[in-house]
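Novice:
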Amino acid sequence: MDYGDYEGVMGLEVHAHLLTESKIFCGCSTKFGAEPNSHTCPTCMGLPGALPVLNRKVVEFAIKLGLALHCSINPRSVFARKNYYYPDLPKGYQISQYEEPICGNGWLDIVMDGKTKRIRILRIHMEEDAGKLVHERTIDTSSYSMVDYNRSSTPLLEIVSEPDLRTPEEATAYLKTLRDILMYLEICDGNMEEGSFRCDANVSVRKKGDEAFGTRAELKNLNSFRYIERSLDYEIDRQIALIKKGGSVVQETRLFNAEQGVTYSMRGKEEAHDYRYFPEPDLLPVTVDETWVEEVRKTLPELPMEKMERFMKDYGLPRYDVEILASDRELASYFEAVLKLFPEAKTVSNFIMTELLRELKDGNVSPKDSPVTPARLAELLTLIKDGTISNKIGKEIFPEIYRTGASPRDYVKQKGLLQISDEGAIEGIIDAVIARSPKEVADFRAGKEKLIGFFVGQVMRETKGKANPALLNELLLKKLKA
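Basically our numbering = 1-based index in the sequence shown + 3.
#1: How would you label K211, buried or exposed, when you count the other beta carbons within 10 angstroms and need 16 or more for buried?
#2: List the whole-angstrom C-beta distance separating V61 from L21, where the pair is believed to meet the contact cut-off of C-beta under 8 Å.
#3: Select from R154, L303 and M356 the residue whose C-alpha is nearest the C-alpha of P39.
#4: Checking the sheet assignment: what are the DSSP bridge partners for L168?
#5: Quick one: is the Cβ of S164 within less than 7 Å of any heavy atom of the ligand SAM?
#6: I'd like to confirm the pairing. Which residues does DSSP put opposite V56 in its beta bridges?
#7: Just tell me which of K301, G419, K94 and L111 has its CA closest to the CA of P307.
#8: Could you pull out every residue in the same chain whose Cβ sits closer than 7 Å to the Cβ of Y237, ignoring the five residues on either side in sequence?
#9: Express the C-alpha separation of G52 and N86 in angstroms, rounding to a whole number.
#10: How many whole angstroms separate the CB atoms of R379 and P411, which I take to be in contact at a CB cut-off of 8 Å?
#11: So within the segment 188-259, which uninterrupted beta strand (DSSP E) runs reach at least 3 residues, ignoring any that extend past its ends?
#12: Among S373, S352 and D331, which one has its Cα closest to the Cα of E362?
#13: DSSP state of F447, grouped into three classes?
#14: With three or more C-beta pairs closer than 8 Å as the rule, is the segment 118-127 touching the segment 320-335?
#15: From this set, M315, G468, L479 and A435, which residue's C-alpha is nearest E452's C-alpha?
#16: Between L168 and L15, which are expected to be in contact by the criterion C-beta below 8 Å, what is the C-beta distance as a whole number of angstroms?
#17: What's the gap between the Cα of G390 and the Cα of V206?
#18: Return the CA-CA distance between K26 and S369, expressed in angstroms with no decimal places.
#19: Spell out the partners DSSP gives N86 in its beta bridges.
#20: Between the segment 74-82 and the segment 281-291, do three or more beta carbon pairs fall short of 8 Å?
#21: How is the beta strand (DSSP E) around D112 delimited, first residue to last?
#22: Along the chain, where does the beta strand (DSSP E) containing A372 start, and where does it finish?
#23: Counting along the chain, where does the beta strand (DSSP E) carrying T350 start and finish?
#24: Specify, as a first and last residue, the run of the alpha helix (DSSP H) that M269 falls within.
#25: For F345, collect the residues of the same chain with a Cβ closer than 7 Å to its Cβ; drop the 5 residues on either side in sequence, then sort them by chain order.
#26: According to DSSP, is K26 part of a helix, a strand, or is it coil?
#27: Can you grab the Cα-Cα spacing for the pair D331 / L92, in whole Å?
#28: With H, G and I counted as helix, E and B as strand and the rest as coil, what does DSSP make of F64?
#29: If you draw a straight line from the alpha carbon of L139 to that of D151, how long is it in whole angstroms?
#30: What is the DSSP secondary structure of R464, reduced to helix, strand or coil?
#31: Skipping 5 residues on each side, what residues in its chain have a beta carbon closer than 7 Å to that of K398?
#32: Can you say whether D365 is buried or exposed, counting buried as having 16 or more other CB atoms within 10 angstroms of its CB?
#33: Please say whether L303 and K34 have beta carbons closer to each other than 8 Å?
#34: Can you list, in chain order, the residues of its chain whose CB lies under 8 Å from that of C44, leaving out five sequence neighbours each side?
#35: For L136, count the other beta carbons within 10 Å of its own beta carbon; 16 or more makes it buried, fewer makes it exposed. Which is it?
#36: Starting from M315, trace the alpha helix (DSSP H) both ways and give me its first and last residue.
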């Protein structure tokens, strides 16, 4: 997006729920969707006398993400109390990290228009989530709120970027890339609707070429890529318009109204001193030695950007294909599993991106749970390649094969869909079509060679799409030009 003489300056604070079975400071379940207040205990309810005990898995996940984002892993980090009042925060403070986080000084590369841009990561720190307010409205239109503490003390990693983003498109690319990495690492499910992956954005504007930053506003709780891009674009335009009128941007926290497409003021922006941070007295400093870091490093998978580069280099695929295939670890694994059985990368890629992804999306099914296994898809592509069925037939029967999980070869035999490759049979049909189409034959021979499509269509209709396309075209041209 073009903002004329101005540019946006954005830094993002991303909150990622971790895929641990228990909460960060107690043994309660983190499973989403349970009955309200059923996954709670004195510790996550903040009852007097209850003490937190750190979940080791949370630290391991933090190290894993830090390594994936090229951060330094601090050998000593400290938990702190972030003090503020809200009805869903039972203790009156949130246990987080402040001056000494577990990871810092990393970076993440994004690709925009074929060019790579590096976004610096300031810090990654561990913290607990708050509870959740459930708002209800009665028949007489009065309203009230209830508190569900199931989410209270769910483990989070907060990933804070430097203000290196300049456009809403860059911000979206950064968030999608970060989400892909979290899901590749299998430490976050990336579910934005359930709040497992959400972000706050610090937004300011300045004249292009200026070094100094402008006054920033914070946009809270953005939880969809579409809303993130819309809200950032609106906020940048709002600040530019305000400055051009001679006004000044106020440092504040704002929310985004998706229906109206506008941001609106929520409260004055808090600074660190407003939260009265101090070290958490009930938790010891976290110490991480190099041995632990190296153990975690050995568990790192091939990450999306690395996989994209390998797919382009080893398989000769275009960037568009690899961006789709490598964005999902399960989809990339599915692709390579098919490729082992049917080693034609572009053919496999095309079929996955069009036919398979459509069915998976419609049913909200993950690639690993696809009814069409890699072996079944390879079988179908082999039938197309060896001429048993046409590509058109292959695409037409795929939804039914997907629905039933049937063997493509058995399905084709059962339905009588074998491709007609008998030269004599096809010639007979061509002769009949030519005989009843004298005008079209004359026009073709007069130079209107695009009419070949008419004849192909007629023969395909007669054979119900089962004529071998290559053989059909060869025989048609031979007879029409005779």
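The beta carbon of each residue, even a glycine, is placed where N, CA and C say it ideally should be.
Specialist: Quick answer:
#1: In the sequence shown, the residue the question calls residue 211 occupies position 208. So K211 counts as exposed.
#2: In the sequence shown, residue 61 corresponds to position 58, counting from 1. In the sequence shown, residue 21 corresponds to position 18, counting from 1. Between L21 and V61 the Cβ distance is about 6 Å, and since that is below 8 Å, they are a contact.
#3: Translated into the one-based positions of the sequence shown, residue 39 becomes position 36. The option with the nearest alpha carbon to P39 is R154.
#4: Within the sequence shown, residue 168 is the residue found at index 165, counting from 1. Residue pairing by DSSP places L168 opposite M13 in a beta bridge.
#5: This structure simply doesn't include the ligand SAM, nor any ligand for that matter.
#6: The count along the sequence shown starts at 1 and reaches residue 56 at position 53. Answer is none; V56 lacks a bridge partner.
#7: The count along the sequence shown starts at 1 and reaches residue 307 at position 304. Out of K301, G419, K94 and L111, L111 has the C-alpha closest to the C-alpha of P307.
#8: Position 234 of the sequence shown, counted from the start, is the residue given in the question as residue 237. The residues are G264, V265 and T266.
#9: Within the sequence shown, numbered from 1, the residue matching residue 86 stands at position 83. Within the sequence shown, numbered from 1, the residue matching residue 52 stands at position 49. Their Cα atoms are separated by approximately 18 Å.
#10: Taking the sequence shown and counting its residues from 1, one reaches residue 379 at position 376. Taking the sequence shown and counting its residues from 1, one reaches residue 411 at position 408. Correct: roughly 6 Å between the Cβ atoms.
#11: If only uninterrupted beta strand (DSSP E) runs of at least 3 residues are considered, those enclosed by the segment 188-259 are 200-210 and 220-225.
#12: For the purposes of this step, residue 362 is taken as residue 359 along the sequence shown, with counting starting at 1. Residue S373 is the option with its Cα nearest to E362.
#13: For the purposes of this step, residue 447 is identified with residue 444 of the sequence shown, where counting begins at 1. Residue state, collapsed to three classes: helix.
#14: No contact exists between the segment 320-335 and the segment 118-127.
#15: As a working note, residue 452 is residue 449 in the sequence shown. The shortest C-alpha to C-alpha distance from E452 to any of M315, G468, L479 and A435 is the one to L479.
#16: Taking the first residue of the sequence shown as position 1, residue 168 is located at position 165. Taking the first residue of the sequence shown as position 1, residue 15 is located at position 12. L168 to L15, Cβ: 7 Å. Contact.
#17: The residue labelled residue 390 in the question sits at position 387 within the sequence shown. The residue labelled residue 206 in the question sits at position 203 within the sequence shown. CA-CA distance, G390 to V206, rounds to 58 Å.
#18: In the sequence shown, the residue the question calls residue 26 occupies position 23. In the sequence shown, the residue the question calls residue 369 occupies position 366. Approximately 26 Å between the Cα atoms of the pair.
#19: Along the sequence shown, one-based indexing puts residue 86 at 83. Beta-bridge pairing links N86 to Y96.
#20: Segment contact: the segment 74-82 against the segment 281-291, three or more CB-CB distances shorter than 8 Å; contact assigned.
#21: Here residue 112 refers to the residue found at position 109 of the sequence shown. Counting along the chain, the beta strand (DSSP E) containing D112 begins and ends at C106 to M115.
#22: One-based indexing of the sequence shown puts residue 372 at position 369. Checking the displayed sequence, the identity of residue 372 turns out to be Asp instead of Ala. D372 -> no beta strand (DSSP E), and no H or E assigned at all.
#23: Taking the first residue of the sequence shown as 1, we reach residue 350 at position 347. First-last for T350: A348 to F354, but that is the alpha helix (DSSP H), not the beta strand (DSSP E).
#24: Within the sequence shown, residue 269 is the residue found at index 266, counting from 1. Here M269 belongs to no alpha helix (DSSP H); instead the beta strand (DSSP E) covers V265 to G271.
#25: Numbered from 1 along the sequence shown, position 342 holds the residue referred to as residue 345. Closer than 7 Å at Cβ, skipping near neighbours: V351, A381, L384 and T385.
#26: Here residue 26 is taken as the residue at index 23 of the sequence shown, counted from 1. Secondary structure of K26 (DSSP, three-state): coil.
#27: Here residue 331 refers to the residue found at position 328 of the sequence shown. Here residue 92 refers to the residue found at position 89 of the sequence shown. L92 has its alpha-carbon roughly 35 Å from the corresponding atom of D331.
#28: Position 61 of the sequence shown holds residue 64. It is helical.
#29: Position 136 of the sequence shown, counted from the start, is the residue given in the question as residue 139. Position 148 of the sequence shown, counted from the start, is the residue given in the question as residue 151. The residue asked about is misnamed: residue 139 is Glu in this sequence, not Leu. If you take the alpha carbons of E139 and D151, they lie about 13 Å apart.
#30: On the sequence shown, residue 464 is found 461 positions in, with the first residue counted as 1. Helix at R464.
#31: Here the question's residue 398 lines up with position 395 in the sequence shown. The residues are E358.
#32: One-based indexing of the sequence shown puts residue 365 at position 362. It is exposed - the Cβ of D365 has fewer than 16 other Cβ atoms within 10 Å.
#33: Position 31 of the sequence shown, counted from the first residue, corresponds to residue 34. Position 300 of the sequence shown, counted from the first residue, corresponds to residue 303. Taking 8 Å as the Cβ cut-off, K34 and L303 do not qualify as a contacting pair.
#34: Stepping through the sequence shown from its first residue, residue 44 is reached at position 41. Within the same chain, and ignoring the five residues on either side of C44 in sequence, the residues whose Cβ sits closer than 8 Å to its Cβ are C29, G30, C31 and A53.
#35: For the purposes of this step, residue 136 is identified with residue 133 of the sequence shown, where counting begins at 1. Exposed is the call here.
#36: The residue you call residue 315 lines up with position 312 of the sequence shown. Start and end: P307 to Y318.
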